[in-house]
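Accompanying notes for the structure given below.
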Amino acid sequence: MKKLITITILISVLIGLGTVAYAAEEVNLYTNRHYDTDEEILDRFTEETGIEVNVLKGDSDQLIERIAREGKNSPADLLITADAGRLHRAKKREILQSVESEVLNENVPANLREQGNYWFGLTVRGRVIVYSKERVDPAELGGYADLSSDKWQDEILVRSSSNIYNQSLLASLVSIYGEDWAEDWAAGVVDNMARKPQGNDRAQATAVAAGEGDLAIMNTYYLGKMLNSDNPAEVEVAENVGIHFPDGENGTHINVSGAGVVKNAPNRENAVKLLEYLSSASAQKFFASANYEYPVNPDVEASELLQSWGDFEPQNINLTELGIHNETAVKIFNRVGWQ
Amino acid sequence: MQLLKNIKKGSPGWFLLTAVIIVLLLIPNFNIIINLFGEAGENWEHVKNYLLINYFQNSLILVLASGFLTAFLGAVLAWIIAAYDFPGRDFLSWGLILPLAIPPYIGAYVYQGMFSYTGVLQTFLRNSFELSLNQSYFDFMNLRGAIFIYTIFLFPYVFLMTKAFLAKQSASLLESSRLLGKSDSTIFLKIILPLSRGAVVAGSSLVMMEVLNDYGVVKYFGISTFTTAIFKSWFGMGDLATSVRLALMAMLVIFVLLFAEKMLRGGRKYSYSTSNIRPLSRRKLEGSKKIMAQLFSYGVFFFAFLLPTVQLIYWSFLSRGGELMETLYFGLTSFLTGGGAAVLILTGAVIVATTARMSSGFISNLLARITILGYSIPGAVIAVGILLFMLQLDQVFAFLQSGFGIEANIVLSSTLLMLIFAYTVRFMGIAFNSVNSGYEKIGENYFEAARTLGKGVTETFFKVDLPMLKPALMSGFLLVFIEIMKELPLTMILRPFNFDTLATKAFEYASDEMIYRAADLSLLLILFSAVAIYLITHRRKRREK
Chain A
1 MKKLITITIL ISVLIGLGTV AYAAEEVNLY TNRHYDTDEE ILDRFTEETG IEVNVLKGDS
61 DQLIERIARE GKNSPADLLI TADAGRLHRA KKREILQSVE SEVLNENVPA NLREQGNYWF
121 GLTVRGRVIV YSKERVDPAE LGGYADLSSD KWQDEILVRS SSNIYNQSLL ASLVSIYGED
181 WAEDWAAGVV DNMARKPQGN DRAQATAVAA GEGDLAIMNT YYLGKMLNSD NPAEVEVAEN
241 VGIHFPDGEN GTHINVSGAG VVKNAPNREN AVKLLEYLSS ASAQKFFASA NYEYPVNPDV
301 EASELLQSWG DFEPQNINLT ELGIHNETAV KIFNRVGWQ
Chain B
1 MQLLKNIKKG SPGWFLLTAV IIVLLLIPNF NIIINLFGEA GENWEHVKNY LLINYFQNSL
61 ILVLASGFLT AFLGAVLAWI IAAYDFPGRD FLSWGLILPL AIPPYIGAYV YQGMFSYTGV
121 LQTFLRNSFE LSLNQSYFDF MNLRGAIFIY TIFLFPYVFL MTKAFLAKQS ASLLESSRLL
181 GKSDSTIFLK IILPLSRGAV VAGSSLVMME VLNDYGVVKY FGISTFTTAI FKSWFGMGDL
241 ATSVRLALMA MLVIFVLLFA EKMLRGGRKY SYSTSNIRPL SRRKLEGSKK IMAQLFSYGV
301 FFFAFLLPTV QLIYWSFLSR GGELMETLYF GLTSFLTGGG AAVLILTGAV IVATTARMSS
361 GFISNLLARI TILGYSIPGA VIAVGILLFM LQLDQVFAFL QSGFGIEANI VLSSTLLMLI
421 FAYTVRFMGI AFNSVNSGYE KIGENYFEAA RTLGKGVTET FFKVDLPMLK PALMSGFLLV
481 FIEIMKELPL TMILRPFNFD TLATKAFEYA SDEMIYRAAD LSLLLILFSA VAIYLITHRR
541 KRREK
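Residue numbers (UniProt numbering), protein chains in the order written: chain A, 1 to 339; chain B, 1 to 545.
The following block contains the structure:
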């Protein structure tokens, strides 16, 4: 009998654990970001609005899968994730909803949000060419097309094609030049690789400094992180490489990290409020600089470091295109053997 | 009739509880396997045409090489520790298990960070001697590097099992061989290795499963394997059917390998004709042999534990210790979650193992197979099976609530309970094996005596079996605890709001290329696991004395 009572108590405790207590005003945020400054921004949002923010952090793709599987019971209100290709994927899985908001339309330029307002960019990064200051004259560098030319034989360092940043870069080229051109280009880059794709973006810059190749393809914010690294050797590497914004034909490939309100958001209004807050001038500065990125809000200036890198011309496409051509890009990579 | 007899021996309550547990374990797996019977995913053709051969090759190389090297390293070290005596031997007998405390993905980040162009070694050589090294010698981010990482951080599985096996072997075999003038290396190769083949293979098959399911290391190194293909087609292409197909193919690889090994071994079994076994006595090593044994064992300990730990301490120092309170908070979360879940898992394992003991060989074999199922499928794949199951349960609750007009709103998905259930499905096999081996040691005599004296099954269990099982329960608990501390994919996918463990937080920082911030989190994680290992080994020692 005593055992029975113990078991009953145990079970009730477990069910109690499982029951979510619903607070009055809250918003549930699924995010892939994990910067300490984010906590401050969210705390300020709570202070100003009285809305509690519950955060669930995770790998972007897995968060999307989780929301999709949770379906109409999902507690998720707002999804923040990096890369337009991924945001498009979320939209395609029907987990986002369209949001009409004056504030958002004003804060986020049209090409940095989804055409039907299913998601909105929050921060901007460029995918640029990093070169050895010792061995490369930046005047020799051109646009992305130049990377497949013979003069860079065995000189290019780039990470694996399973990475979404590369997929979105290729998708942008598919969108601008068409599939055949993009496939030739990808094959040309594979021929020019200094080594098999390995490691992350930082590893590519390090390999340039170490002399394994002259050029690396990487996202701008990684260079910012390296310059501010705790490891003095990494700072040195970052100082020894130059940054080149691909120009020529069609500008530099840019991408965003962004957010969308979840389709079955139980706290839809609060989610929109949070999204608007994140795009506002007061939050943008910190939100973007936490990760050494450019703010989307045209009223906000980029951090000094980013300004010191100079201005650049972005590719002239709506970022929705990156998602539309993602699958084509992935298949091209597999066909040309870009690991 | 046989079955009926078996059930009579047991009691219906135990069987019922076991049945419930088994159903709970099976449903998530079933949710996954059912995907096989639908039509092939749209991307299957593409994956098959362009990716499969390369992925298959890489996975096979990784699994075979790591399996073979851990078998070699683990067996040799177990032999040195079991058969010889030299200064430091007592420490190494548990110190060599410590590498298990370091999750391979953290080991991978540490080694890459240490030996890369910006790492301690090369920076030192460059700045002090202006010496630039050829990068390709220090490149860990390839198959070779991954095999190295898996080998040094996973060999303790083989070491543990082989050492335990050798400790039970008779001294007379060894003494006879020595009398017959055989050298030690001949004895090792001709007698010890064939004799302990079962234990070595059991250990290295655990290693092979871990390698096949590992995601952290291969993702960081950019190596395409089955697991990356599973993630690519599922998360990248949103195609669960294709990824399940790949997961099952991966399992098939392991089964084929194990089956092949079993065929090669044939029906050979070794046993002693006398039950009076005098355990192996250790021979004291002198001179050059002593130095060689020390050099080798300490060398392995150095590279597999000491060096990465010291590097982490240095990094933690560079990042000025990070946020101490935050680290401790995550530590507490990990500790409580791991400890609580391990208690639950052990309870389940005891129920199942007790039932297995009361059942026929067939049923108890079947139970063992079912409990290990969760361990052999990639964690991320199981996670989805669990999520689906919990959502189904929520719907049942919602239905019941509307039917009976109950106010309480019960939601199980997205709660800690879901995560703990996921741990249960994944690690039940480990707990079951510990409890089962405990039962094997006890034998059936006491149980039968108690039953003959008119005690019921349940009373016998609490009064006779449970007290004797305690050591096995303790080591089972600690093993499961270590696994949960290191666990990544399930926690990443299924955790509730505002929930972080040491492992997830360290992985976040590391994959965000902030390895220095991950350092103190990793150190605390390693400390927890190391203490658990210390407790396991020293309980055993005390008992032996």
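Heads up, the beta-carbon is just placed ideally off N, CA and C, and yes, glycines get one too.
Extent of the continuous alpha helix (DSSP H) run through residue i
| i | result |
| --- | --- |
| residue 612/B | An answer regarding residue 612/B cannot be provided, because it is not within the stretch 1 to 545 covered by chain B. |
| Val208/A | 201–209 |
| His325/A | His325/A -> no alpha helix (DSSP H), and no H or E assigned at all. |
| Thr309/B | 307–318 |
| His46/B | 44–50 |
| Asn127/B | 120–129 |
| Tyr183/A | What sits at residue 183/A in the sequence shown is Glu, not Tyr. Its alpha helix (DSSP H) spans residues 179–192. |
| Gly145/B | 143–154 |
| Thr81/A | No alpha helix (DSSP H) contains Thr81/A, which is instead part of the beta strand (DSSP E) from 78–82. |
Given residue i as reference, the closest of the options once Cα atoms are compared
| i | options | result |
| --- | --- | --- |
| Tyr222/A | Pro109/A, Asp214/A, Val241/A | Val241/A |
| residue 560/B | Gly71/A, Pro138/A, Asn318/A | Nothing can be reported for residue 560/B: it is not among the residues displayed for chain B, which extend from 1 to 545. |
| residue 557/B | Phe259/B, Val381/B, Tyr50/B | Limits of chain B in this structure are 1 at one end and 545 at the other, which puts residue 557/B out of reach. |
| Thr104/B | Thr151/B, Asp500/B, Leu387/B, Glu326/B | It should be noted that the sequence gives Pro, not Thr, for residue 104/B. The option with the nearest alpha carbon to Pro104/B is Thr151/B. |
| Ser66/B | Gly331/B, Trp234/B, Val211/B | Val211/B |
| Leu527/B | Ile291/B, Lys163/B, Val310/B, Asp90/B | Val310/B |
| residue 546/B | Leu466/B, Thr415/B, Leu373/B | In the structure as shown, chain B begins at 1 and stops at 545. Residue 546/B is therefore absent and cannot be evaluated. |
| Gly206/B | Phe68/B, Pro87/B, Ser334/B | A quick correction: the sequence has Leu, not Gly, at residue 206/B. It is Phe68/B whose Cα lies nearest to the Cα of Leu206/B. |
| Asp146/A | Arg66/A, Thr206/A, Asn250/A, Glu114/A | Asn250/A |
| Ile482/B | Ala108/B, Ala164/B, Ile97/B, Gly454/B | Ile97/B |
| Phe124/B | Glu102/A, Asn316/A, Pro232/A, Glu321/A | Pro232/A |
| Leu60/B | Leu285/B, Phe397/B, Ile254/B, Ala532/B | Ile254/B |
| Leu306/A | Thr328/A, Ala288/A, Val272/A, Asn316/A | Ala288/A |
| Glu114/A | Ala259/A, Ser308/A, Lys273/A | Ala259/A |
| Met418/B | Phe226/B, Gly443/B, Leu494/B, Tyr314/B | Leu494/B |
| Met193/A | Asp150/A, Asn200/A, Ser162/A | Asp150/A |
| Gly222/B | Ala203/A, Ser229/A, Val235/A | Ala203/A |
| Leu312/B | Ile102/B, His538/B, Gln57/B | Ile102/B |
Boundaries (first-last residue) of the beta strand (DSSP E) holding residue i
| i | result |
| --- | --- |
| His244/A | 241–244 |
| Ala216/A | 215–219 |
| Thr31/A | 26–31 |
| Gly71/A | It is not in any beta strand (DSSP E) - Gly71/A carries neither H nor E in the DSSP assignment. |
| Ile33/B | No beta strand (DSSP E) contains Ile33/B, which is instead part of the alpha helix (DSSP H) from 12–33. |
| Ser360/B | Neither: Ser360/B is in no beta strand (DSSP E) and is coded neither H nor E. |
Cβ-heavy atom distance, residue i to the ligand SAH, below 7 Å
| i | result |
| --- | --- |
| Tyr516/B | The ligand SAH is absent from the structure shown, which contains no ligands of any kind. |
#### Entry: Segment contact, 8 Å Cβ cut-off, at least three pairs: the stretch 367–382 of chain B with the stretch 429–444 of chain B
Proximity of the stretch 367–382 of chain B to the stretch 429–444 of chain B meets the contact definition, three or more beta-carbon pairs being nearer than 8 Å.
### Query
Below 8 Å, can you find three or more Cβ-Cβ pairs linking the stretch 52–68 of chain A to the stretch 30–39 of chain A?
yes
### Task
Please go through the stretch 410–475 of chain B and give each complete alpha helix (DSSP H) segment of 4 or more residues, from N-terminal end onward.
With a minimum length of 4 residues, the unbroken runs of alpha helix (DSSP H) contained wholly in the stretch 410–475 of chain B fall at 416–442, 445–452, 457–460.
### Query
Using a beta-carbon distance cut-off of less than 9 Å, what residues from the stretch 56–74 of chain A approach chain B?
Taken in chain order, the members of the stretch 56–74 of chain A whose beta-carbon sits within less than 9 Å of a beta-carbon on chain B are Leu56, Lys57, Gly58, Asp59, Ser60, Asp61, Gln62, Leu63, Ile64, Glu65, Arg66, Ala68, Arg69, Glu70, Gly71, Asn73, Ser74.
### Task
Return the residues of the stretch 213–228 of chain A that lie within a Cβ-Cβ distance of less than 9 Å from chain B, sorted by chain order.
Listed by position along the chain: Tyr222, Lys225, Met226.
### Query
Contact between the stretch 20–37 of chain B and the stretch 163–170 of chain B: three or more CB pairs below 8 Å?
no
#### Entry: the stretch 62–89 of chain B: positions lying closer than 7 Å to chain A by Cβ
none
### Task
Pair every Cβ in the stretch 466–485 of chain B with every Cβ in the stretch 336–347 of chain B, then say whether three or more of these pairs are closer than 8 Å.
Yes, the stretch 466–485 of chain B is in contact with the stretch 336–347 of chain B.
#### Entry: Interface positions of the stretch 184–212 of chain A facing chain B (Cβ-Cβ less than 9 Å), listed along the chain
Arg195, Lys196, Pro197, Gln198, Gly199, Asn200, Asp201, Arg202, Ala203, Thr206, Ala207, Ala209, Ala210, Gly211, Glu212
### Message
By the 7 Å beta-carbon criterion, what residues does the stretch 228–241 of chain A contribute toward chain D?
### Response
Absence of chain D from the displayed structure is noted, the protein chains being A and B.
### Task
May I ask you to list, following chain order, the residues of the stretch 200–222 of chain B that have a beta carbon less than 8 Å from some beta carbon of chain A?
So the close ones are Tyr220, Phe221, Gly222.
### Residues of the stretch 408–442 of chain B with Cβ closer than 9 Å to any Cβ of chain A, in chain order
Ala408, Asn409, Ile410, Val411, Leu412, Ser413, Ser414, Thr415, Leu416, Leu417, Met418, Ile420
### Message
Closer than 7 Å between beta carbons: that is the criterion. Which residues of the stretch 365–392 of chain B meet it against chain A?
### Response
Going along the stretch 365–392 of chain B in chain order, one finds Val384, Leu387, Leu388, Leu391 with a Cβ nearer than 7 Å to chain A.
### Task
Compile a chain-ordered list of the residues in the stretch 30–57 of chain B whose CB is closer than 9 Å to at least one CB of chain A.
Asn43, His46, Val47, Asn49, Tyr50, Leu51, Asn54
### Task
Examine the Cβ distances between the stretch 77–97 of chain B and the stretch 158–166 of chain B and report whether three or more of them are shorter than 8 Å.
yes
#### Entry: Any alpha helix (DSSP H) of 4 or more consecutive residues that is wholly inside the stretch 220–269 of chain B
Restricting attention to alpha helix (DSSP H) runs no shorter than 4 residues, the stretch 220–269 of chain B encloses them at 226–231, 240–265, ordered along the chain.
#### Entry: Residues in the stretch 151–178 of chain A having any Cβ partner in chain B nearer than 9 Å
Arg159, Ser160, Ser162, Asn163, Ile164, Gln167
### Message
To be precise: take each residue of the stretch 299–333 of chain A, compare its Cβ to all Cβ atoms of chain B, and keep it if any distance is under 8 Å. Which residues remain?
### Response
Within the stretch 299–333 of chain A, contact with chain B at the beta-carbon level (separation under 8 Å) is assigned to Glu327, Val330, Lys331.
### Query
Can you give, in chain order, each stretch of the beta strand (DSSP E) that sits fully within the stretch 162–226 of chain B and has at least 3 residues?
Runs of the beta strand (DSSP E) lying entirely within the stretch 162–226 of chain B and spanning at least 3 residues: none are present.
### Task
Pull out every residue of the stretch 100–120 of chain B whose Cβ sits closer than 9 Å to any Cβ of chain A, in chain order.
Cβ contacts with chain A: Gln112, Gly113, Ser116, Tyr117, Thr118, Gly119, Val120.
### Message
Check whether the stretch 115–130 of chain A and the stretch 288–297 of chain A touch, using three or more Cβ-Cβ pairs below 8 Å as the test.
### Response
yes
### Query
Does the stretch 138–145 of chain B come close enough to the stretch 102–120 of chain B that 3 or more CB-CB pairs lie under 8 Å?
yes
### Query
Of the residues that make up the stretch 287–301 of chain B, which ones have a beta carbon closer than 9 Å to any beta carbon in chain A?
Going along the stretch 287–301 of chain B in chain order, one finds no residue with a Cβ nearer than 9 Å to chain A.
### Query
Can we say the stretch 157–175 of chain A touches the stretch 268–281 of chain A, given the rule of at least three CB pairs closer than 8 Å?
Contact fails: fewer than three Cβ-Cβ distances are below 8 Å.
### Query
Using a Cβ cut-off of 7 Å, which residues of the stretch 461–487 of chain B contact any Cβ in chain A, in chain order?
none
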